[in-house]
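Asks:
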C-alpha cells in the first residue's frame, strides 16, 4: 500500500509509462520515489512472470525430513531433535517438493507477491537456526538456493 507516500502517480496509456512525481521534496523525501517504483515494478513482474524461490536442506549427520500437506510444512529431525517445526504457508504462495530422483532435499515456493514468497522462505530459514552451538561448525539448516521467475526471461 503506497497511500502513505506523498507522491503523485501518473499512467500514460499512449506511451505505456508509469510515473511517480514528488513536489518540493528534500533529498531524503525524494528517495521514496525509487522505492515506490521498485515496488510497482515487482508487482508487474509478479503478475506477468511470478516469483520462484528454491530452498535446499543442508545437514551433516541427521537427515532433515520435510513433509508438505496442503499449505502446512512440517520439518522433522533437525539436528536429531524430536521437536516438529510447523509453518503454515499463506494462500498466495504455492509450495511443493521437487522430485527426489532429480534434485534431493529441495522445496520450491512460488507466488505473485515477492514480499510474501521471500517472507515465507525467511521464516522457514529462521525455524531451523542452530542454537547454543558454533554456527561455523554446525551448518545444518534450510537455505535459499535460487531466486528466479516462474516464467523464463526472454
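Numbering (UniProt numbering), first residue to last: 1 to 154. The C-beta atom is built at its ideal place from N, Cα and C for all residues, glycine as well. No experiment lies behind these values; they were computed from the predicted model shown.
In angstroms with no decimal places, state the Cα-to-Cα distance between residue 64 and residue 150.
Replies: The sequence position of residue 64 within the chain shown is 64, counting from 1. The sequence position of residue 150 within the chain shown is 150, counting from 1. Rounded to whole angstroms, residue 64 to residue 150 spans 26 Å at the Cα level.
Asks: Any idea what DSSP makes of residue 66, helix, strand or coil?
Replies: Looking up residue 66 in the chain shown gives position 66. In this structure, residue 66 counts as strand in the three-state DSSP scheme.
Asks: Do residue 62 and residue 46 have their CB atoms nearer than 8 Å?
Replies: Locating residue 62 in the chain shown gives position 62, where the first residue counts as 1. Locating residue 46 in the chain shown gives position 46, where the first residue counts as 1. Result no, Cβ atoms of residue 62 and residue 46 do not sit closer than 8 Å.
Asks: Alpha carbon to alpha carbon, how far is residue 34 from residue 77?
Replies: Translated into positions along the chain shown, residue 34 becomes position 34. Translated into positions along the chain shown, residue 77 becomes position 77. Rounded to the nearest angstrom, the two C-alpha atoms are 44 Å apart.
Asks: Would you kindly check if the distance between the Cβ of residue 115 and the Cβ of residue 55 is under 8 Å?
Replies: Counting from 1 along the chain shown, the entry for residue 55 is found at position 55. Counting from 1 along the chain shown, the entry for residue 115 is found at position 115. The answer is no: Cβ separation not under 8 Å.
Asks: Mind checking whether the beta-carbon of residue 124 lies closer than 7 Å to any heavy atom of the ligand FMN?
Replies: The ligand FMN is not part of this structure, which contains no ligands at all.
Asks: Give the range of the beta strand (DSSP E) segment to which residue 142 is assigned.
Replies: Numbered from its first residue, the chain shown carries residue 142 at position 142. Where residue 142 is concerned, the enclosing beta strand (DSSP E) stretches over 141 to 149.
Asks: Tell me whether the region 88 to 105 and the region 19 to 35 touch, counting them as touching only if at least three CB pairs, one residue from each stretch, are closer than 8 Å.
Replies: The answer is no - the region 19 to 35 does not touch the region 88 to 105, with fewer than three Cβ pairs under 8 Å.
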